[in-house]
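Working notes, structure below.
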Amino acid sequence: MTAPNERLVVIRHAPHSSNSLREGLDTALVAAAFGQQVSLLFMGQGIFALLKDQTVGAPGQKATLPTIDMLEMYDIDQLFIPVESLKSLNINADMLVERVTLLPSEELPSLFNRYSHILNF
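Letter 90 of the sequence shown, counting from 1, is numbered 90 in our numbering, and no numbers are missing.
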């Protein structure tokens with residue numbers, strides 16, 4: 001079991017499909033700035049936020065890669081991805097930023113059970 005101040009932020013949306021990804025990352029950064037330990041789980045299209053070769057979205061949308069690169073400065077170093085999500089999107093692990101931990105799907109329930117606070121975006 002984790003400490004009471006640990007959070008798991010689950011990102012399920014692609015970088016430019018909605019504001020959900022940006023809101024999830026902002027929530028993680030704010031929690032970390034207030035001393036809470038934060039881990040991130042990227043699922044489904046949320047994995048696109050971790051691609052090394054990202055482009056900027058529509059006019060007025062910021063690229064998410066600079067925010068991903070900044071996570072380590074806030075001591076957010078646990079970035080999880082289910083292996084099956086990579087396979088379903090035809091993404092190879094070498095296409096992703098470093099520091100990503102790949103998890104088999106059967107380990108997801110135990111990951112969720114480790115956190116008392118889970119936030120979905």
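We put the beta carbon where it would ideally sit given N, CA and C, even for glycine.
Those residues which DSSP pairs with residue i across a bridge
i          : result
residue 11 : 42
residue 54 : Note: residue 54 sits in no beta bridge, so no partner.
residue 89 : Note: residue 89 sits in no beta bridge, so no partner.
residue 81 : 102
Nonlocal neighbours in the same chain, by C-beta distance under 6 Å from residue i, ignoring five residues either side
i          : result
residue 78 : 39
residue 10 : 41 and 120
Extent of the continuous alpha helix (DSSP H) run through residue i
i           : result
residue 109 : 108 to 113
residue 29  : 20 to 33
residue 66  : 65 to 70
For residue i, the first and last residue of its enclosing beta strand (DSSP E)
i           : result
residue 117 : 117 to 120
Contact set for residue i: own chain, Cβ-Cβ below 7 Å, skip 5 residues either direction
i          : result
residue 74 : 29, 32 and 33
Give a yes or no on contact between the segment 71 to 86 and the segment 98 to 115, applying the rule of three or more CB pairs nearer than 8 Å.
-> yes
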